[in-house]
Amino acid sequence: MSGHGDPIPMTSRAGGALTGKAHVPGDKSISHRSLILGAMAVGETKVSGLLEGQDVLDTGRAMQAFGADVVNHGGGNWSVHGVGVGGFAEPDHVIDCGNSGTGVRLIMGAMATSPITATFTGDASLNGRPMGRVTDPLALFGTQSYGRKGGRLPMTLVGAANAAPVRYTVPMPSAQVKSAVLLAGLNAAGETVVIEKEATRDHSERMLAGFGADLSVEDTSEGRVITLQGQPELKPQTITVPRDPSSAAFPVCAGLVAEGSDVLVPGIGLNPTRAGLFTTLQDMGADLTFENMREEGGEPVADLRAKFSDNMQGIEVPPERAASMIDEYPVLSVVAAFATGKTIMRGVKELRVKESDRIDAMARGLEACGVTVEEDEDTFIVHGMGAGGVPGGGTCATHLDHRIAMSFMVLGLGTQKPVHIDDGGPIATSFPIFEDLMRGLGANITRD
Numbered sequence: 001m002s003g004h005g006d007p008i009p010m011t012s013r014a015g016g017a018l019t020g021k022a023h024v025p026g027d028k029s030i031s032h033r034s035l036i037l038g039a040m041a042v043g044e045t046k047v048s049g050l051l052e053g054q055d056v057l058d059t060g061r062a063m064q065a066f067g068a069d070v071v072n073h074g075g076g077n078w079s080v081h082g083v084g085v086g087g088f089a090e091p092d093h094v095i096d097c098g099n100s101g102t103g104v105r106l107i108m109g110a111m112a113t114s115p116i117t118a119t120f121t122g123d124a125s126l127n128g129r130p131m132g133r134v135t136d137p138l139a140l141f142g143t144q145s146y147g148r149k150g151g152r153l154p155m156t157l158v159g160a161a162n163a164a165p166v167r168y169t170v171p172m173p174s175a176q177v178k179s180a181v182l183l184a185g186l187n188a189a190g191e192t193v194v195i196e197k198e199a200t201r202d203h204s205e206r207m208l209a210g211f212g213a214d215l216s217v218e219d220t221s222e223g224r225v226i227t228l229q230g231q232p233e234l235k236p237q238t239i240t241v242p243r244d245p246s247s248a249a250f251p252v253c254a255g256l257v258a259e260g261s262d263v264l265v266p267g268i269g270l271n272p273t274r275a276g277l278f279t280t281l282q283d284m285g286a287d288l289t290f291e292n293m294r295e296e297g298g299e300p301v302a303d304l305r306a307k308f309s310d311n312m313q314g315i316e317v318p319p320e321r322a323a324s325m326i327d328e329y330p331v332l333s334v335v336a337a338f339a340t341g342k343t344i345m346r347g348v349k350e351l352r353v354k355e356s357d358r359i360d361a362m363a364r365g366l367e368a369c370g371v372t373v374e375e376d377e378d379t380f381i382v383h384g385m386g387a388g389g390v391p392g393g394g395t396c397a398t399h400l401d402h403r404i405a406m407s408f409m410v411l412g413l414g415t416q417k418p419v420h421i422d423d424g425g426p427i428a429t430s431f432p433i434f435e436d437l438m439r440g441l442g443a444n445i446t447r448d
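Here is the structure:
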C-alpha cells in the first residue's frame, strides 16, 4: 500500500508580517488532465509548468503503465508520447494512485472503455474513499468493477470491449465524476451525454476541445448538458499550466490573517468554476485585489495581492458557490475564525468524503484552538473571534489530508499561541514547496 513515510509534526507561530511574492506550483487539476489526455492523443504533447507533487507524479507513472511514453525534462517541462484513444495497453502491475482521488477516478474513466484489466490502490486515506460514484456510471458503458465492501480500493476494473455511449445525469456536483464519464465516452462509438445540475470546474471540457474532441456545452432546463462524440483522434498539444488557485489559497489567506502582511501571488488561474474562494473573501471585506488581469491558454489569469485584513465580517456563503471552492472551505474556515461574527457554509456535505472528513477535521482542530463551531451533515458554521482574537495552542490531527495540514499551518500565523499538527507529510502530495515558499515570505513554520 502507498504511504508517505513517518509522520512529520509541524508548528506555526505568529511572527511578524508576511511580505514578498509567492510563486505557487502549477494547477493540479490541469496537470492531471494534461498527462491523461496527452496519453490518449496521437503524437507528442509538451507540458510546461506541470505540478510535480506526488499526486501528479503518480498519474504520470500510471500513464506509463498504460503504454504512454512520459518524460520529465526538468524544471516542470514534460512530454507525453500518446497511444491514441483506445490504445491503452494492459498494465503489468497494480496502479498506485497514492493519495489522489482525482487521479484514480480520472484514470478509471480513461481506461474503462478499453478491453483491458487494471487494478487500482492507494494510501490508507484513498483506500477509504467511495468509488461507487464513478464505477456506477462506468458500468453503464459495460465496465465491470470488483472492489472492497462499500466500493472501495483496492479495486479491479475490467474495461468494456464494445462500449455503448451513455446519457448520464451526475447526482452530485462532482468534476471528477463528470470527467471520468467524458473520458470513458472518448472510446464509445456514438454520442455520450453528461448532464450536471450544478456547474463544476470545466477544465476537462476546455482541454478535450483543445485536444480536438467534438464536444458541445449547452445550458438547458435539465442543467448543463455536455455532449461528446466518441472515437475522435486527439491531437497533441503544447500546454502551459497556469498556477494553481487551490495552492494560492494558502499564501493568500496567510496574508489576510498575519498582522502587517502584504503578499503578491502571481499568475493564478481564475477559471470561474474555481475562483469562489476569492469572491467569498472579498465579500467578507478582505483586502484582496486582482492585478494584471489577462488570459493564458484559454484560462483567465491574474496576480493576487492579499494584505492583512483586521475588519473582516462573517457572512453566509451562497451554497451554489460550493462547487467552485469545494477544496478551499478548510482554509476559508481558518479565515472565518479571524472575522467578526458567524461564517455559515451550507451545501458542503461533499467535504465529508474528501481525503478526510474535512468538516470534522477542521471543526475538531479549530475547537482545540479555542474557536466555537457548529456542524451538521451539510453545514459548517465558524464563530469568528476577530483579528488577533484566536487563542491557538492546540494540536490538530491532519488525517493524511494535505489541505487540513496546510490550513492549520495558516491558522497558527495569526493566533496568540502556536498551532501544532501531528503530520505535515501529506503536504507534498499537492504543494511540495509549501514550507520553503511560506518561510520565504517570513512565516514561522517549523518541523518539530
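Residue numbers (UniProt numbering): 1 to 448. Virtual Cβ for every residue (Gly too), placed ideally from N, Cα, C. Model, not experiment: these values are computed from the prediction.
Return the CA-CA distance between residue i and residue j, expressed in angstroms with no decimal places.
i	j	result
residue 284	residue 312	5 Å
residue 437	residue 10	15 Å
residue 1	residue 89	Residue placement at residue 1 cannot be trusted, given a pLDDT of 32 that sits under 50; what the coordinates show is reported in the next sentence. About 23 Å.
residue 348	residue 439	32 Å
residue 214	residue 228	6 Å
residue 3	residue 399	Note that residue 3 has pLDDT 47, beneath the 50 cutoff, so the model's placement of it is unreliable and the number below is only indicative. One C-alpha to the other measures close to 13 Å.
residue 269	residue 293	10 Å
residue 45	residue 60	13 Å
residue 471	residue 18	Look at the range of the chain in this structure, 1 to 448, and you will see that residue 471 is not part of it.
residue 112	residue 317	37 Å
residue 253	residue 410	7 Å
residue 431	residue 403	9 Å
residue 233	residue 102	24 Å
residue 104	residue 149	18 Å
residue 444	residue 199	39 Å
residue 460	residue 380	Outside the modelled stretch of the chain, which goes from 1 to 448, sits residue 460, for which no answer is possible.
residue 140	residue 128	24 Å
residue 70	residue 171	34 Å
residue 20	residue 255	10 Å
residue 262	residue 287	10 Å
residue 152	residue 188	26 Å
residue 131	residue 180	11 Å
residue 186	residue 442	47 Å
residue 516	residue 38	Past the edges of the chain, shown from 1 to 448, lies residue 516, and the structure says nothing about it.
residue 98	residue 217	33 Å
residue 462	residue 385	Nothing can be reported for residue 462, as the shown portion of the chain is limited to 1 through 448.
residue 427	residue 358	15 Å
residue 335	residue 52	28 Å
May I ask you to list the residues that DSSP assigns as paired with residue i?
i	result
residue 396	421
residue 140	In the DSSP output, where bridge partners are listed per residue, residue 140 has none listed.
residue 264	21, 305
residue 343	382
residue 70	80
residue 288	306
residue 415	None; residue 415 has no bridge partner.
residue 148	152
residue 120	95, 155
residue 166	DSSP lists no partner for residue 166.
residue 300	295
residue 194	168, 226
residue 316	344
residue 26	243
So which of the options has the shortest CA-CA distance to residue i?
i	options	result
residue 73	65, 50, 92	50
residue 176	204, 232, 114, 305	204
residue 300	206, 335, 328	206
residue 290	111, 262, 306, 404	306
residue 92	344, 235, 65, 387	65
residue 249	219, 230, 303	303
residue 450	12, 22, 7	Residue coverage of the chain in this structure runs from 1 to 448, which leaves residue 450 outside it and unanswerable.
residue 43	180, 237, 114	237
residue 190	279, 163, 197	163
residue 321	338, 339, 345	345
residue 35	392, 211, 422, 221	211
residue 354	329, 367, 343	329
residue 296	13, 27, 5	27
residue 77	57, 377, 226	57
residue 239	31, 123, 12, 382	31
residue 230	123, 86, 314	86
residue 81	94, 63, 96	63
residue 418	368, 429, 375, 435	368
Identify the continuous beta strand (DSSP E) that holds residue i and give its terminal residues.
i	result
residue 186	Residue 186 -> no beta strand (DSSP E), and no H or E assigned at all.
residue 10	10 to 13
residue 451	What is shown of the chain runs 1 to 448, which leaves residue 451 out entirely.
residue 44	42 to 48
Taking the alpha helix (DSSP H) that residue i falls in, what are its first and last residues?
i	result
residue 375	Element bounds for residue 375: not the alpha helix (DSSP H) but the beta strand (DSSP E), 372 to 376.
residue 367	358 to 368
residue 333	329 to 337
residue 109	101 to 111
Whole beta strand (DSSP E) elements within the stretch 198 to 252, 3-residue minimum: Taking only runs of at least 3 residues, the beta strand (DSSP E) segments lying wholly in the stretch 198 to 252 are 215 to 220, 223 to 229, 238 to 240.
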